[in-house]
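Some notes on the structure that comes next.
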Amino acid sequence: AQKITQTQPGMFVQEKEAVTLDCTYDTSDPSYGLFWYKQPSSGEMIFLIYQGSYDQQNATEGRYSLNFQKARKSANLVISASQLGDSAMYFCAMRVTGANSKLTFGKGITLSVRP
Amino acid sequence: EAGVTQSPTHLIKTRGQQATLRCSPISGHTSVYWYQQALGLGLQFLLWYDEGEERNRGNFPPRFSGRQFPNYSSELNVNALELEDSALYLCASSWTAYNEQFFGPGTRLTVL
């Protein structure tokens with residue numbers, strides 16, 4: 065079984081500063097993918113970034129980067145130069161490669177960006 | 003390019019009734035997923051359809067069912083509604099089972 069853990073309480077960051085959102089995962093499968101999604105108050109889940117378990121380099125997408133530490137089973141999201149529009153709920157998710165294509169989500173972290 | 007669309011946006015039903023939720027995937031995507039986001043429970047996987055077939059289902063009772071049509075759109079049916087079925091139901095689609103999933107805006111179901 066797969067498990068995603070997001071234990072940080074609500075996070076606050078000053079506009080233009082960087083912030084790290086923590087995510088740890090557990091799986092016995094060697095092939096898996098890790099995802100981060102953003103959910104604003106409107107409810108829509110917005111895909112941010114993906115990291116494959118065999119990827120040699122950490123994924124980056126604009127202001128988002130994923131700090132992937134395989135041995136520690138962590139996949140932290142780093143948001144650089146925070147903007148007010150980054151205030152939202154952030155979910156870490158995992159998918160194990162194979163017939164079971166579902167995403168397993170963590171409970172999410174609320175990020176508030178202060179002006 | 004149009005994203006994933008869902009209808010209706012809001013749905014209000016009473017206990018015991020049936021609800022039907024609809025989802026249209028991104029053009030070219032053949033996999034459709036349904037998730038339930040209930041307050042305090044996070045996102046829970048419900049169903050996965052690919053090429054018209056149900057490929058996997060989460061830990062939900064049989065009164066949660068659905069189907070995928072030849073145009074890859076999908077329908078989620080919830081029979082004998084219970085109060086605890088009140089939640090945001092999110093549909094996602096992906097190009098294949100191994101690609102990232104893109105979500106629609108959701109249908110908020112309220113059971114009174």
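So the protein sequences, as listed, match chains Z and H. So this note's numbering is basically just the index in the first sequence, starting at one, shifted up by 64. So this note's numbering is basically just the index in the second sequence, starting at one, shifted up by 2. Beta carbons: idealized from backbone N, C-alpha and C, even for Gly.
Which stretch, first to last residue, makes up the beta strand (DSSP E) that contains residue i?
i: Gly42 (chain H); result: Run containing Gly42 (chain H): none; DSSP gives neither H nor E here.
i: Ser11 (chain Z); result: Residue coverage of chain Z in this structure runs from 65 to 179, which leaves residue 11 (chain Z) outside it and unanswerable.
i: Tyr118 (chain Z); result: No beta strand (DSSP E) contains Tyr118 (chain Z), which DSSP labels as neither H nor E.
i: Arg127 (chain Z); result: Neither: Arg127 (chain Z) is in no beta strand (DSSP E) and is coded neither H nor E.
Starting from the Cα of residue i, find the closest Cα among the options and give me that residue.
i: Pro94 (chain Z); options: Z:Lys171, Z:Asp119, Z:Lys102, Z:Pro73; result: Z:Asp119
i: Leu90 (chain H); options: H:Asn61, H:Pro27, H:Gly42, H:Ile28; result: H:Gly42
i: Leu23 (chain H); options: H:Tyr35, H:His31, H:Tyr100; result: H:Tyr35
i: Gly68 (chain H); options: H:Tyr51, H:Ala82, H:Asn61, H:Leu83; result: H:Tyr51
i: Gly106 (chain H); options: Z:Gly107, Z:Gly97, Z:Ala65, Z:Pro73; result: Z:Gly107
i: Glu85 (chain H); options: H:Ile14, H:Pro64, H:Phe47; result: The residue you asked about is not Glu; residue 85 (chain H) is Leu in the sequence shown. Looking at the Cα atoms, H:Ile14 is the closest of the given residues.
i: Glu102 (chain H); options: Z:Gly97, Z:Gln66, Z:Gln147; result: Z:Gly97
i: Leu78 (chain H); options: H:Gly5, H:Ala4, H:Ser29, H:Phe47; result: H:Phe47
i: Thr112 (chain H); options: H:Phe62, H:Gln39, H:Trp97; result: H:Gln39
i: Gln133 (chain Z); options: Z:Gly126, Z:Gln121, Z:Ser144; result: Z:Gln121
i: Tyr114 (chain Z); options: Z:Ser105, Z:Pro104, Z:Leu141; result: Z:Leu141
Note down, in chain order, each residue of its chain lying with its Cβ closer than 8 Å to the Cβ of residue i, except the 5 sequence neighbours on either side.
i: Leu167 (chain Z); result: Phe99, Ala157, Met158, Arg159
i: Met75 (chain Z); result: Val83, Leu85, Ile173, Thr174, Leu175, Ser176
Classify residue i: buried if its beta carbon has 16 or more other beta carbons within 10 angstroms, exposed otherwise.
i: His12 (chain H); result: exposed
i: Asp87 (chain H); result: buried
i: Gln78 (chain Z); result: exposed
i: Ala123 (chain Z); result: buried
i: Ser129 (chain Z); result: buried
i: Phe104 (chain H); result: buried
i: Asp150 (chain Z); result: buried
i: Ser92 (chain Z); result: exposed
Counting only beta-carbon atoms, is residue i nearer than 8 Å to chain H?
i: Lys166 (chain Z); result: yes
i: Phe132 (chain Z); result: no
i: Phe76 (chain Z); result: no
i: Glu108 (chain Z); result: yes
i: Gly149 (chain Z); result: no
i: Tyr114 (chain Z); result: yes
Using 8 Å as the limit for Cβ to Cβ distance, is residue i near chain Z?
i: Ser33 (chain H); result: yes
i: Trp36 (chain H); result: no
i: Gly44 (chain H); result: yes
i: Trp50 (chain H); result: yes
i: Leu90 (chain H); result: yes
i: Glu102 (chain H); result: yes
i: Pro107 (chain H); result: yes
i: Ala99 (chain H); result: yes
Which residues in the same chain as residue i place their Cβ atom closer than 7 Å to its Cβ, once the five residues preceding and following it in sequence are excluded?
i: Lys102 (chain Z); result: Ile110, Leu112, Ala152, Tyr154
i: Pro2 (chain H); result: Residue 2 (chain H) lies beyond the stretch modelled for chain H, which goes from 3 to 114, so this question has no answer here.
i: Thr88 (chain Z); result: Thr69, Lys137, Ser138
i: Tyr74 (chain H); result: Pro27, His31, Thr32, Val34
i: Gln19 (chain H); result: Leu83
i: Phe169 (chain Z); result: Ile68, Phe155, Ala157
i: Gly54 (chain H); result: Gln70, Pro72
i: Arg127 (chain Z); result: Ile143, Ser144, Ala145
i: Lys80 (chain Z); result: Ala145, Ser146
Given a limit of 8 Å on CB to CB distance, which residues of the segment 56–86 of chain H reach chain B? You won't find chain B in this structure, because its protein chains are Z and H.
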